[in-house]
Amino acid sequence: MFVRMSETISVIGGGLSGSLLSIYLAKRGFQVNLFERRPDMRTNRIYAGKSINLALSTRGLRALERIGLDKEILEDAIPMYGRMMHSRTGELNYHPYGKEGQAINSVSRGRLNLKLIELASAYPNISMHFNARCTDVDLNKAAATFELEDGSVKTFEANRIMGTDGAFAATRGRLQITDRFNYSQQYLHVGYKELAIPAGENGSFLMEKNALHIWPRGSFMMIALPNPAGDFTCTLFMPFEGENSFDKLKTREEVSRFFEEQFPDAVSMMPGLLDDFFANPTSSLVTVRCYPWVREDKLALLGDAAHAVVPFYGQGMNCSFEDCVVMDDCIEKYGDDWARIFDEYQKERKPNADAISELAIQNYYEMADKVGDAHFLHKKHIEHELTELYPDIFKSQYELTTFSLSPYKYALDQGKKNDALLERIIAEKAESKITDPAYMAGLWHLIQ
Ligand SMILES: Cc1cc2nc3c(=O)[nH]c(=O)nc-3n(C[C@H](O)[C@H](O)[C@H](O)COP(=O)(O)OP(=O)(O)OC[C@H]3O[C@@H](n4cnc5c(N)ncnc54)[C@H](O)[C@@H]3O)c2cc1C
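If you count by this note's numbering, then the sequence shown holds residues 387 to 834, one letter each, in order.
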């Protein structure tokens, strides 16, 4: 391995994208200093942070493949081939996510982060600093200041800084007070709370194992993702205020009554519901948009630091990993021209981050509300038929977003065209004609 000792890069934030990016940079021979405000998860095994499991799909897997970790992560993942919808009366309705064999993968956030940190620690040119909270950045010198565990304050200089410190990034905070930096953050009116369905006897799954379960209820919903130990991590997404809201669930009786009414088939599998409900926090969901993501050749933002998105498309981490891939590709292409590397990186990623941000908000309304709507389900059915009948011509928005490496912006635009096509078929009452290539030939221009 060629070590470019003259080039030191500070990576601030050792979460999912920071640990992956450090490995990419180390493989290219840079001296990497990785700073993380939390303790070292290898020693105390605290899997701090938000949701317990995440859906890993094609983009994320491609990023892990680059460091040889994809297969190992998949060994412990649970493939989810479709959505299983639960009605109030307990009826189940299953819809595949894609073609046969296509799945999104439920993986443990903590385990994935731990694996990345372990792999990073094997590189002699990565120095890891835990319990190091970034408090300031000097953009001219690429120097960052940290509060350390013992209360001391230390400044580290480098040639450049990569800010991977998440949705509330200190690195971005420094950019926010520079001229012509655009920034917005928007909280969703919906918050979330994590709950659990424990495993049955001998670690058995109490519901279909290979599906993402959804209890759509219009203005709110619950979802559940399987874990290898047989349990499911459930997340209740609900408005903070209003008729059906967290605000209305203040006592054990209120919570109990609400779950009995809304999720009767789930409640019987949730013996710890009331304790979990009051022990676990109610968290908020934010969309962060900003630009530029870089400052000359000194600082670049990646991952949630550049574009926090709401979690309803299961793409935040996948998108963040794709940022790292694109940064790595730009380094490969533009060599030592860091101003160009950073600029090409942001130009390629920004429109795509904006697109996934829009798709993620749209998907909330789809999951919570539309998956229970007959017209929507009818459209989904035709869409699925078309993907099976004409795999080379017709690709659904979900497939483009989740099972392909096509830019998110393309998936967003194509989804709108697909929708026009589906509406046309329904308006013409032509569902039975979709198997006729001659009929479809007259419609394909709609998705060109
Ligand atoms: C409820 C929920 C469900 C989700 N589900 C999915 C899913 O199914 N699939 C998917 O792809 N994505 C999902 N996401 C999104 C995903 O979690 C994020 O997009 C992803 O974690 C972003 O990675 P990151 O490394 O940029 O940020 P993070 O994972 O947040 O890591 C940032 C790191 O920086 C550290 N840090 C923060 N501030 C400082 C500081 N000042 N100094 C030093 N270190 C600092 C933090 O401790 C943390 O380790 C979900 C998110 C939520 C909230």
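In this text, a Cβ means the ideal position worked out from N, Cα and C, and glycines have one as well.
For Trp601, report the span of its beta strand (DSSP E) as first-last. Ala597 to Pro602
Is Val418 closer than 8 Å to Ile512 when the C-beta atoms are compared? yes
For the segment 392-407 against the segment 535-551, do three or more pairs of beta-carbon atoms, one drawn from each stretch, fall closer than 8 Å, so that the two count as touching? yes
Ligand 1 heavy atoms versus the CB of Phe516: any closer than 7 Å? no
Distance check for Ala506 and Ser408, CA to CA, integer angstroms please. 7 Å
Just to check, is the beta-carbon of Gly496 closer than 7 Å to a non-hydrogen atom of ligand 1? no
How many whole angstroms separate the CB atoms of Val696 and Ile747, which I take to be in contact at a CB cut-off of 8 Å? 6 Å
Buried or exposed by the 16-neighbour rule on C-beta atoms within 10 Å, applied to Thr475: exposed
Please report how far the alpha carbon of Tyr731 lies from the alpha carbon of Ala824, in whole angstroms. 43 Å
Examine ligand 1 and report whether any of its heavy atoms sits within less than 7 Å of the Cβ of Tyr578. yes
Ligand 1 and Glu708: does the residue's C-beta get closer than 7 Å to at least one heavy atom of that ligand? no
With distances taken between CB atoms, is the gap from Leu688 to Met713 smaller than 8 Å? yes
Buried or exposed for Ala434, please, with buried defined as at least 16 other CB atoms from any protein chain shown within 10 angstroms of its CB. With a pLDDT of 49 at Ala434, under the threshold of 50, the modelled position of this residue cannot be trusted; read the value that follows with caution. It counts as exposed.
How many Å lie between Val397 and Gly549 at the Cα? 6 Å
Just the Cα atoms here: how many angstroms apart are Phe789 and Glu639? 43 Å
Identify, in the order they occur along the chain, each residue of the same chain with its Cβ nearer than 6 Å to the Cβ of Asp426, setting aside the five sequence neighbours on each side. Phe516
Taking 7 Å as the cut-off, is the beta-carbon of Phe421 closer than that to any non-hydrogen atom of ligand 1? yes
Just to confirm before moving on: does the CB-CB distance between Leu402 and Met607 stay below 8 Å? no
Can you tell me which of the three DSSP states Phe644 falls into? helix
Asp651: CB within 7 Å of a non-hydrogen atom of ligand 1: no
Would you please verify whether the beta carbon of Glu752 is less than 8 Å from any beta carbon of chain D? In the structure shown, chain D cannot be found, because there is only a single protein chain.
According to DSSP, is Phe649 helix, strand or coil? coil
Any chance the CB of Arg519 is under 7 Å from a heavy atom of ligand 1? yes
Endpoints, the alpha helix (DSSP H) within which Ile583 is located: Unbroken run through Ile583 is the beta strand (DSSP E), Asn568 to Ile583; no alpha helix (DSSP H).
Gln834: which of Glu814, Ala806, Ser818 and Thr821 sits nearest, CA to CA? Ala806
Name the DSSP beta bridge partners of Lys540, please? Phe532
Can you give me the start and stop residues for the alpha helix (DSSP H) that Val711 sits inside? Gly702 to Tyr720
Given this structure, state the Cα-to-Cα distance separating Cys705 from Val493, to the nearest angstrom. 16 Å
Going by DSSP in three states, Pro417 sits in which element: helix, strand or coil? In the sequence as displayed, the identity of residue 417 is Gln instead of Pro. DSSP places Gln417 in strand when its eight states are reduced to three.
What runs of the beta strand (DSSP E), each 3 residues or longer, lie entirely inside the segment 660-701? 669-677 and 685-687
Thinking C-alpha only, which one of Arg566, Asn479, Gly487 and Arg424 is nearest Glu535? Arg424
Take the Cβ of Met624 as the centre, count every other Cβ of all protein chains shown within 10 Å, and call the residue buried at 16 or more, exposed below. buried
With a threshold of 7 Å, establish whether the CB of Asp536 neighbours any heavy atom of ligand 1. no
Three-way DSSP call (helix, strand, coil) for Pro836 in this model: Summary: the structure shown does not reach residue 836, with the chain confined to residues 387 through 834, and so no result is reported for it.
Can you tell me the Cα-Cα spacing of Tyr410 and Asn568, whole angstroms? 29 Å
In this structure, does DSSP put His617 in helix, strand or coil? Correcting the residue type first, residue 617 is Asp in the shown sequence and not His. Three-state DSSP puts Asp617 in coil, outside helix and strand.
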